[in-house]
Amino acid sequence: MIELHPGLVLLAGASVFPILRGRMVNLYAVGLSLLSLLIVASLSDGTYLRIWFLDQRIELLHVDKLSKAFAYVFCINVLAVELFAFSMRDRYCHGITVAYVGSSLGAVFAGDLISFYVFWELMAVSSAFLVLDGRTERARGAAFRYIMVHIFGGLCLLAGILTRITATGSAALESLVDPAVWNWLILIGILTNAAAPPLSAWLSDAYPESSVMGGVVLSAYTTKTAVYALARGFPGWEILVVVGCIMTIYGIIYALLENDMRRILAYSIINQVGFMVTGIGLGTPMSIDGSVAHAFCHIIYKSLLWMSAGAVLFRTGKRKCTELGGLYRYMPWTLFLCCVGAVSISSFPGTSGFTSKSLILEAALEENRFWVWLVLEIASAGVFLHAGIKFPYFVFFARESGLKPKDANKSMIMGMSVLAFLCIFLGLYPAPLYNLLPYEVIYEPYRYPHVVSQLQLLLFSALAFFVFLPLLKRTETISIDTDWFYRKGARAFHKALGRALSWGHQMSRSFVDEGLIPFIAHISRDGLAWFAPIALYPIWMILGEDREEAAEKVARIQRAVASGAVPIGLGAAAATVLLFILFVVI
Amino acid sequence: MSQTEKGSEPRSKRGKGALWLALGGGCAMTLLLELIGQGEVHEGLKETFAFYAIFGFVSCAMLIVVAKLLGIVLKVEESYYD
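Protein sequences appear in the order of chains V and Z.
The numbering of the first sequence is this note's numbering, which starts it at 203 and goes up by one.
The numbering of the second sequence is this note's numbering, which starts it at 5 and goes up by one.
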């Protein structure tokens, strides 16, 4: 039986969008998404679509439990996104979305580093176009910075892959246990896409600048493909525990400082990916299962949150918390569905976040990694603070903004409802999720102590939020992040380069204008007056003329040169001597 | 640096009262549930009664204060990069 590649189907299908019009765009996009999900469901474990390229075996379709878990959620999510955006006729955005998801599936199913790299870069290019879909000056700037950072990450990845193939002769995408330089380069390339600090600012810079639909799509794929790649290649790398823990806290602090609702959610992605990266770094079957399960659930509830933010943006045209508030009366469905996403990301018992994140924390405890567990617990409380309460509270409650928008339209509510249902379903009945995970899970999240302690943690976190509310007043500001180095740094470099070139220009101009040209003019005018006596004086001495006569002749020659009346014979003699000297020298 | 601060208080006194009541009730309920389940709730480090309550509150308070302090340095006008 010939296995179809869901990623290639989507990439090929994306090329049809330019000829579609009206509702056909949406019907086709939904149909294509559904088809990709069915193809993934039909795939059985194994390696298919093998070709030889540059003496390397390329495996375009490598199916196992890890790749299939990510592929499932990628396809479910794109289906929900297409339902959400069913009223949006923009074939450009739908086409790029399908190509982006197709590239992500390509990377997830790649069985070798070469095809992985090709799909990885296709993903970077298509996602940059999704950022551009914001169609504003800010979106253009953000897309430029986005692609520059991803070029850096992509080059690190490419350098690592090429040096690895050269050194080991193998391009297989497998567990990279050897801490060789090429594996470190590959790791840097992947961590760039995972938005690990300091290479993280691109995410909060770019995603919020995209369109309503673009933002939802972007929130799911690039970082989670990176999580997949880490789980595939770097399980148990201790550095990932450190990086992951930093990401969890970094995301919370910046989300608390933010005023833009979509930037709050963008920082929240970094926080959540931090949990996954930590789980992979711990490297036990339970922690890796936890990371995969958390990536699965995170894609669903984070898309839901981005959809609710998108619906608010779609209806009000506002993004800042300072301009929003009091929308609960006018957008009750959006509020309800947003709250499902908010409690899920906060890991409330009964939601998908609870059944997935608990695995990672449990794994940290089992490994006696107290400090890792402590940081993750602090971060769990912090998640509820920024994504669970701050985002819905400031957007839907807080104060009367004067805005009276309509609720989200039917298709938006339909898309959000699908994801909200999954949040609750996987929270109450996690068995289907656990069955998808790479290792066998023997874990029961609904233990009385665990449920009570989690409820205690979250409710007292909420209490802290409202007690310290005066410290959380929203301000019309942005926060300096690591992009400062290339945003301000690039300008400073540009300025410094301009000054250096200007100085060089001045220096060369003064050297040429005031030094070289006057010197050449001087030599041209008076050179003969100096040169002829030097050349002729020894001849006169040989011919027996005395010093006074010779001095008189020199003076006569200098007068003749100054007045431009040099005898022809003298000029010819000087030229002959000069040529002779040149001949001897050369 | 001029930072426009906007009110963050709940909309009305009634709403505020209901919010505190619900929150206080919820918190008290979790403590009660822990008391009821004495002997089951405690695991390893979490020996102390109301450990997660204190941990959650203190962690969040700490995060808010740290964010507030960092905000003094990190927060800039929206036109900072323009």
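We put the beta carbon where it would ideally sit given N, CA and C, even for glycine.
(request) Let me know the secondary structure DSSP gives V:A374 once reduced to three states. (result) Counting from one through the first sequence, the residue named residue 374 of chain V turns up at place 172. When DSSP states are grouped into helix, strand and coil, V:A374 belongs to the strand group.
(request) With distances taken Cα to Cα, identify the nearest neighbour of V:T536 among V:A309, V:L630, V:K612 and V:T425. (result) The residue labelled residue 536 of chain V in the question sits at position 334 within the first sequence. Taking only the C-alpha atoms, the option nearest V:T536 is V:K612.
(message) Looking at chain Z, is there any beta carbon in it that lies within less than 9 Å of the beta carbon of V:A664?
(response) Taking the first residue of the first sequence as position 1, residue 664 of chain V is located at position 462. It does: the Cβ of V:A664 has a partner Cβ on chain Z nearer than 9 Å.
(message) Below 7 Å on C-beta distance, what does V:R689 contact in chain Z?
(response) On the first sequence, position 487 is the one that residue 689 of chain V refers to. The answer, in chain order, is Y85.
(message) Taking the beta carbon of Z:V77 as the centre, do at least 16 other beta carbons fall within 10 Å, making it buried, or is it exposed?
(response) Within the second sequence, the letter at position 73 stands for residue 77 of chain Z. Burial call: exposed.
(message) When you compare the CB positions of V:S306 and V:G209, do they come within less than 9 Å of one another, or not?
(response) For the purposes of this step, residue 306 of chain V is taken as residue 104 along the first sequence, with counting starting at 1. For the purposes of this step, residue 209 of chain V is taken as residue 7 along the first sequence, with counting starting at 1. When the beta-carbon positions are compared, V:S306 and V:G209 come within less than 9 Å of each other.
(request) Could you have a look at Z:E81 and say whether DSSP puts it in helix, strand or coil? (result) Against the second sequence, residue 81 of chain Z aligns to sequence position 77. Under the three-state reduction of DSSP output, Z:E81 falls in the strand class.
(message) By the DSSP assignment, the beta strand (DSSP E) with V:T679 in it spans what residues?
(response) Within the first sequence, the letter at position 477 stands for residue 679 of chain V. Boundaries of the beta strand (DSSP E) around V:T679: T679 to S681.
(message) In the DSSP output, which residue or residues are listed as bridge partners for V:V265?
(response) Mapped onto the first sequence, residue 265 of chain V falls at position 63. Beta-bridge pairing links V:V265 to V:G248.
(request) On the DSSP bridge assignment, give the partners of V:D462 in chain order. (result) Working through the first sequence from its first residue, we reach residue 462 of chain V at position 260. Beta-bridge annotation (DSSP): V:D462 is paired with V:K522.
(message) Determine whether the beta carbon atoms of V:T518 and V:L529 lie at a separation below 9 Å.
(response) As a position in the first sequence, residue 518 of chain V is number 316, starting the count at 1. As a position in the first sequence, residue 529 of chain V is number 327, starting the count at 1. The answer is yes: Cβ separation under 9 Å.
(message) Residues of chain V with CB closer than 7 Å to the CB of Z:G75, please, in chain order.
(response) Counting from one through the second sequence, the residue named residue 75 of chain Z turns up at place 71. The answer, in chain order, is L459.
(message) So V:G476 and V:G446 are supposed to be a Cβ contact under 8 Å. How far apart are they, rounded?
(response) On the first sequence, position 274 is the one that residue 476 of chain V refers to. On the first sequence, position 244 is the one that residue 446 of chain V refers to. Right, their Cβ atoms sit about 5 Å apart.
(message) At the level of alpha carbons, what is the spacing between Z:V45 and Z:A32?
(response) To locate residue 45 of chain Z, count along the second sequence from 1; it is residue 41. To locate residue 32 of chain Z, count along the second sequence from 1; it is residue 28. Any reading at Z:V45 needs caution, since the residue's pLDDT is 47, under 50, leaving its predicted position unreliable; the model's value is listed next. CA-to-CA, the gap between Z:V45 and Z:A32 works out to about 16 Å.
(request) Measure the C-alpha to C-alpha separation of V:A664 and V:R649 and round it to an integer number of angstroms. (result) Here residue 664 of chain V corresponds to residue number 462 of the first sequence, with the count starting at 1. Here residue 649 of chain V corresponds to residue number 447 of the first sequence, with the count starting at 1. In a straight line, the C-alpha of V:A664 is about 23 Å away from that of V:R649.
(message) Do V:S377 and V:G435 have their beta-carbon atoms positioned less than 9 Å apart in this structure?
(response) For this step, residue 435 of chain V is matched to residue 233 along the first sequence. For this step, residue 377 of chain V is matched to residue 175 along the first sequence. Taking 9 Å as the Cβ cut-off, V:G435 and V:S377 qualify as a contacting pair.
(message) Since V:S549 and V:A422 should fall inside the 8 Å C-beta cutoff, what is the C-beta to C-beta distance between them, to a whole number of angstroms?
(response) Translated into the one-based positions of the first sequence, residue 549 of chain V becomes position 347. Translated into the one-based positions of the first sequence, residue 422 of chain V becomes position 220. About 19 Å separates the two Cβ atoms, so there is no contact after all.
(message) 9 Å is my cut-off, CB to CB: does Z:Q7 come that close to chain V?
(response) Walking along the second sequence from the start, residue 7 of chain Z turns up at place 3. Low confidence applies here, because Z:Q7 scores a pLDDT of 44, under 50, leaving its location unreliable; read the following figure in that light. Output row for Z:Q7: interface = yes.
(message) Quick check: the Cα distance between V:L578 and V:A694, rounded to an integer number of angstroms?
(response) Taking the first residue of the first sequence as 1, we reach residue 578 of chain V at position 376. Taking the first residue of the first sequence as 1, we reach residue 694 of chain V at position 492. For V:L578 and V:A694, the distance between alpha carbons rounds to 38 Å.
(message) Assuming contact is defined by CB atoms lying nearer than 9 Å, are V:T553 and V:S546 in contact in what I supplied?
(response) Walking along the first sequence from the start, residue 553 of chain V turns up at place 351. Walking along the first sequence from the start, residue 546 of chain V turns up at place 344. Using a Cβ distance threshold of 9 Å, V:T553 and V:S546 count as a contacting pair.
(message) Quick check on this structure: which residue in V:A737, V:P672, V:I260 and V:A214 has the alpha carbon closest to the alpha carbon of V:I298?
(response) On the first sequence, position 96 is the one that residue 298 of chain V refers to. V:A214 is the residue among V:A737, V:P672, V:I260 and V:A214 whose C-alpha sits nearest the C-alpha of V:I298.
(request) Identify whether Z:K10 lies in helix, strand or coil by the three-state DSSP scheme. (result) Position 6 of the second sequence, counted from the start, is the residue given in the question as residue 10 of chain Z. Because the pLDDT at Z:K10 is just 49, under 50, the model does not fix this residue reliably, and the point stays unresolved.
(request) Under 8 Å Cβ to Cβ from V:L784, same chain only, skipping five residues before and after it: list those, please. (result) Sequence index remark: in the first sequence, residue 784 of chain V carries index 582 (1-based). The beta carbon of V:L784 sits closer than 8 Å to none of the beta carbons in its chain outside the five residues before and after it.
(request) Tell me, please, which residues DSSP counts as bridged to V:R259. (result) Within the first sequence, the letter at position 57 stands for residue 259 of chain V. For V:R259, which the question treats as bridged, DSSP gives the partners V:W254.
(request) Tell me V:D314's beta-bridge partners as DSSP assigns them. (result) Mapped onto the first sequence, residue 314 of chain V falls at position 112. For V:D314, DSSP records a beta bridge to V:A374.
(message) Once the 5 residues before and after V:W404 are set aside, which same chain residues still bring their CB inside 6 Å of it?
(response) Indexing the first sequence from 1 puts residue 404 of chain V at position 202. Excluding positions up to five away in sequence, the list reads Y348 and V351.
(message) Let me see if you follow: with CB-CB separation under 9 Å, is V:T518 close to chain Z or not?
(response) Start at 1 with the first residue of the first sequence, and residue 518 of chain V comes out as number 316. Interface criterion not met: the Cβ of V:T518 is under 9 Å from no Cβ in chain Z.
(message) Taking the alpha carbon of V:A374 as the reference point, which residue from V:G313, V:P410 and V:T424 has its own alpha carbon closest?
(response) As a first step, residue 374 of chain V must be located in the first sequence, where it is residue number 172. Here the closest residue by C-alpha is V:G313.
(request) Could you name the residues of the same chain whose beta carbon sits closer than 7 Å to that of V:I744, not counting the 5 residues immediately before and after it, in chain order? (result) Counting from 1 along the first sequence, the entry for residue 744 of chain V is found at position 542. Excluding residues up to 5 positions away in sequence, nothing lies with its Cβ nearer than 7 Å to the Cβ of V:I744 in the same chain.
(request) Under 6 Å Cβ to Cβ from Z:T8, same chain only, skipping five residues before and after it: list those, please. (result) Counted from its first residue, the second sequence places residue 8 of chain Z at position 4. The predicted model places Z:T8 with a pLDDT of 44, which falls under 50 and marks its position as unreliable, so this point remains unresolved.
(request) State the Cα-Cα distance for the pair V:F593 and V:I466, rounded to the nearest angstrom. (result) On the first sequence, position 391 is the one that residue 593 of chain V refers to. On the first sequence, position 264 is the one that residue 466 of chain V refers to. Using only the alpha carbons, I get a separation of about 7 Å.
(request) To the nearest angstrom, report how far apart V:A775 and V:D715 are at their CA atoms. (result) On the first sequence, residue 775 of chain V is found 573 positions in, with the first residue counted as 1. On the first sequence, residue 715 of chain V is found 513 positions in, with the first residue counted as 1. Put simply, the backbone Cα of V:A775 is about 33 Å away from that of V:D715.
(request) Given a cut-off of 9 Å, decide if V:S406 and V:Y503 are closer than it, judged by their beta-carbon atoms. (result) Here residue 503 of chain V refers to the residue found at position 301 of the first sequence. Here residue 406 of chain V refers to the residue found at position 204 of the first sequence. In this structure, V:Y503 sits away from V:S406, with a CB-CB distance that is not shorter than 9 Å.
(request) Say whether the segment 317-326 of chain V touches the segment 228-241 of chain V, bearing in mind that this needs 3 or more beta-carbon pairs closer than 8 Å, one atom from each stretch. (result) With the rule of 3 Cβ pairs closer than 8 Å, the segment 317-326 of chain V does not count as touching the segment 228-241 of chain V.
(request) Please decide whether V:A408 counts as near chain Z, where near means a Cβ-Cβ distance under 9 Å. (result) Counted from its first residue, the first sequence places residue 408 of chain V at position 206. V:A408 does not count as touching chain Z.
(message) Suppose you measure from the CA of V:I278 to the CA of V:S235; what does that come to, to the nearest Å?
(response) Counting from one through the first sequence, the residue named residue 278 of chain V turns up at place 76. Counting from one through the first sequence, the residue named residue 235 of chain V turns up at place 33. Taking the straight line from one Cα to the other gives about 8 Å.
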